[in-house]
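Step one of this worksheet: look at the structure below.
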Amino acid sequence: MKVTDAEVDIVRLLKDGDGAHISGQTMSLELGMSRTAVWKHIGALRKAGYSIEGSPRKGYRLGRSPVPFNGVEVLSRLEGGLIGRDLFFYPTLESTNSKAYLMAAEGAEEGTVVVADCQSGGKGRLGRTWHSPPGLNLYASVILKPPIPPQEAQTLTLMAAVAVAEAVAAYSPVRPTVKWPNDILIDSKKAAGILTEMNSETDRVNFVILGVGVNLNMNIPDELLKTATSIREKTGEEVPRAAFASALFSSIEKWYKVYLDRGFEQVREAWKGYFEKEGKPVRVRGSQEVEGICLGIDSQGSLLVRLASGSTERVIAGELV
Ligand code: BTN
9 MKVTDAEVDI VRLLKDGDGA HISGQTMSLE LGMSRTAVWK HIGALRKAGY
59 SIEGSPRKGY RLGRSPVPFN GVEVLSRLEG GLIGRDLFFY PTLESTNSKA
109 YLMAAEGAEE GTVVVADCQS GGKGRLGRTW HSPPGLNLYA SVILKPPIPP
159 QEAQTLTLMA AVAVAEAVAA YSPVRPTVKW PNDILIDSKK AAGILTEMNS
209 ETDRVNFVIL GVGVNLNMNI PDELLKTATS IREKTGEEVP RAAFASALFS
259 SIEKWYKVYL DRGFEQVREA WKGYFEKEGK PVRVRGSQEV EGICLGIDSQ
309 GSLLVRLASG STERVIAGEL V
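Numbering follows the working numbering, with no gaps: position 42 of the sequence shown is 50.
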């Protein structure tokens with residue numbers, strides 16, 4: 009569901025009220041809408057998880073229950089103008105990427121964001137599934153329409169890795185690292201993943217869906233214990249999801265602007281700051297397996313590996329093992 013400015017404004021008024029009742033009339037005057045419209049929005053906000061007490065004579069006030077995680081909480085914290093200009097929030101989706109892809113195909117604007125509390129079919133890279141339980145993590149997809157040819161899409165993925173790493177760094181006690189191309193690791197275990205899906209023609213990108221999954225508060229299931237972690241596992245403290253989501257969207261906005269205004273070179277420098285494998289032995293599984301010394305990434309985001317023979321292999325897509 010699309011989050012409306014009216015809902016954000018009503019919640020702001022209720023929070024400012026600090027437990028006091030605010031009459032329907034005051035709200036309707038302050039917000040420039042009818043009392044019936046206020047009443048309808050209050051109904052929607054209750055569905056979105058707020059406990060709002062209503063009394064015919066005194067008006068409305070926020071109950072004491074904890075503030076829920078929903079689109080209003082995310083949107084009310086956003087300051088940028090592009091990412092999240094339209095924000096859709098769903099309690100459950102099969103996949104935020106699939107939803108955003110459909111919306112983009114139907115004309116949704118650049119910067120539109122889709123967030124879900126839980127995914128029933130979260131998609132990972134290379135056809136894998138992304139573990140997406142409710143109430144714990146962040147699953148979000150952003151629609152971008154960069155003026156680039158499809159061959160350059162990999163650089164956008166690396167831009168996303170920098171943005172996600174920066175947001176994770178603000179909440180993690182340990183500086184995260186990136187694993188080429190775009191896994192975000194804390195202490196060598198995966199804390200966040202990025203799945204970019206593209207719709208393009210031969211020479212231009214129509215849109216890109218940037219899907220981000222961040223393990224914020226979940227206990228890692230047994231089958232993932234060796235490879236995955238969550239931020240709460242490192243800090244012992246719950247990560248506030250709405251605040252994290254808005255930090256992530258601000259970071260994506262910042263780095264997307266750098267990417268568009270100053271080019272990939274600037275982004276590449278930042279990406280290198282999170283990359284630990286340069287100069288070290290690596291093994292990459294791509295169309296074939298490549299082993300050698302990592303020389304970093306080139307201007308298209310491909311991984312450069314010096315083989316034992318002395319020649320340099322350029323790996324466009326694959327996975328570091
Ligand atoms: C990876 O394999 O590392 C990529 C994981 C990407 C998961 C996110 S969760 C939000 C978005 N929707 C999806 O279905 N996948 C991405």
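Just so you know, even glycine gets a beta-carbon here, dropped at the ideal spot from N, CA and C.
Item	Value
Taking 7 Å as the cut-off, is the beta-carbon of arginine 293 closer than that to any non-hydrogen atom of the ligand ATP?	You won't find the ligand ATP in this model; what it holds is the ligand BTN.
Got a sec, what are the start and stop residues for the beta strand (DSSP E) glycine 300 sits in?	297-305
Name the residue from Ile301, Gly287 and Gln296 whose alpha carbon lies nearest to the alpha carbon of glutamate 327.	Gln296
Report yes if the CB atom of alanine 168 is closer than 8 Å to the CB atom of proline 184, and no otherwise.	no
Serine 254 lies in the alpha helix (DSSP H); which residues open and close that run?	249-270
How about valine 220: is its Cβ closer than 7 Å to a heavy atom in the ligand BTN?	yes
Whose C-beta lies closer than 7 Å to the C-beta of asparagine 225 among residues of the same chain, with five residues either side of it excluded?	Leu144, Asn145, Ser238, Arg240, Glu246 and Val247
Is it the case that the Cβ atoms of glutamate 15 and alanine 52 are separated by a distance below 8 Å?	yes
Assuming isoleucine 217 contacts serine 149 under a Cβ cut-off of 8 Å, what Cβ separation, rounded to an integer in Å, is found between them?	5 Å
Should proline 181 go down as buried or exposed, given a rule of 16 or more other Cβ atoms within 10 Å for buried?	exposed
At which residue ranges does the stretch 115-196 contain complete beta strand (DSSP E) runs of 3 or more residues, listed in the order of the chain?	121-127, 146-152, 185-187 and 191-194
Given 8 Å as the limit, is there contact between the stretch 131-139 and the stretch 115-122, that is, 3 or more CB pairs closer than that?	no
Please go through the same chain and pick out, in chain order, the residues whose beta-carbon is closer than 6 Å to the beta-carbon of glycine 300, but skip the five residues on each side of it.	Val313, Arg314 and Leu315
For leucine 233 and serine 140, I'd like the C-alpha separation in whole angstroms.	15 Å
If contacts are defined as beta-carbon pairs under 8 Å, then phenylalanine 283 and glycine 92 qualify, I think. What distance do you get, rounded to the angstrom?	Not confirmed; about 28 Å, so no contact.
Should glutamine 33 be labelled buried (16 or more other beta-carbon atoms within 10 Å of its own) or exposed?	exposed
When burial is assigned at 16 or more other CB atoms within 10 Å of the CB, is alanine 236 buried or exposed?	buried
Apart from the five residues on each side of it in sequence, which residues of its chain come closer than 6 Å, Cβ to Cβ, to tryptophan 188?	Leu311 and Leu328
Could you check what DSSP says for glycine 219 in three-state terms: helix, strand or coil?	strand
By Cβ distance below 7 Å, which residues in the same chain neighbour glutamate 231 in space, the five residues on each side in sequence not counted?	none
Quickly, what does DSSP pair glycine 201 with across the bridge? List them, please.	Gly221
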